[in-house]
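Protein chains in written order, with the working numbering: chain A, 318 to 426; chain S, 318 to 426. One structure is given here, and the rest of the page talks about it.
Protein chains: 2
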Amino acid sequence: MDAVLAALVEPNRREILRLVHGEELPAGRIASHFDVSRPAISQHLKVLRDAGLIAERREGTRRLYRLRAEGFADVARFVEEFWDARLQQLKAEAERQEREKREQEGKTR
Amino acid sequence: MDAVLAALVEPNRREILRLVHGEELPAGRIASHFDVSRPAISQHLKVLRDAGLIAERREGTRRLYRLRAEGFADVARFVEEFWDARLQQLKAEAERQEREKREQEGKTR
DNA sequence: ACGTTATGTAAGTAATCACTTACATTCTGC
DNA sequence: GCAGAATGTAAGTGATTACTTACATAACGT
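If you want it as structure tokens, here you go:
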């Protein structure tokens, strides 16, 4: 998971993921969306591929990239470890307040 | 979100998050779980706090830390942008195969 | 007030990162 | 085979990172 998170830190790499999400794109097209040099994007693509976040397919001289959503599995589980817990706490808190409210009504009635 | 992802890259920081998940702990107790020096952990705590992933509460000379699950909101949404899409694709694929299967049965029968 | 405990901050350092320009590789169409 | 297009790789560089040791700050108990 280290490689995935490390890959996700860089904003341009996150933008690349959005670009190849749903649409397969050649390296050149991807690079043209950014201000940095083409080699810089090529290096970013390597980082993303090594992390398992994108897949590469060669077609003639071009290389087509697409999202590999499975690559997000580990980090998704990690985030849910904390984020879902929050939802459960919110739910528990809501239920607690509901219970208090009912008890209060019971007293006054 | 940059600060959150940057904070999550470092493995010791992720471990700190697990430690203060559900349990409020003083800085010293947290540091004692690791091999690196106490100042190193203090610096990690600062990074996590600045990123909004943990909350600090002072009690006398001690500082108690606890998880701030809300801090995961942005990154959770970001990951779901890709991870949920995968689930939807899996679902669509399953439905497509199901449809094919039914059509095949219709022919042979 | 004073020593002790708990903790953060400063300064320095080796390693890593994102970027650049220059060069290498690989495929295609003539 | 060769020119050109699409792309990756190498080498170098300034900025950032995670760590260390040394020092500063703040609250407590006596």
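Positions of the beta carbon are idealized from the N, C-alpha and C atoms, including for glycine.
Practice task
Express the C-alpha separation of glutamine 414 of chain A and valine 337 of chain A in angstroms, rounding to a whole number.
Solution key: 45 Å
Problem - Local Cβ density within 10 Å of arginine 331 of chain A, reported as buried at 16 or more and exposed below that - result: buried
Problem - Exposed unless 16 or more other CB atoms sit within 10 angstroms - verdict on glycine 388 of chain A - result: buried
Practice task
Starting from the C-beta of arginine 375 of chain A, find all residues in its chain whose C-beta is less than 8 Å away, skip the five residues before and the five after it, and write them out in chain order.
Solution key: Leu381
Exercise for the section: Consult DSSP for glutamate 340 of chain S and reduce its assignment to one of helix, strand or coil. Expected result: coil
Exercise for the section: Locate the alpha helix (DSSP H) running through arginine 379 of chain S, then write down its first and last residues. Expected result: It is not in any alpha helix (DSSP H) - arginine 379 of chain S instead sits in the beta strand (DSSP E) that spans 379-384.
Practice task
Using a Cβ-Cβ cut-off of less than 7 Å, list which residues of the stretch 321-343 of chain A approach chain S; keep chain order.
Solution key: Leu322, Ala323, Leu325, Val326, Pro328, Leu334, His338
Practice task
Tell me, please, whether the CB atom of aspartate 352 of chain S is closer than 9 Å to any CB atom in chain A?
Solution key: no
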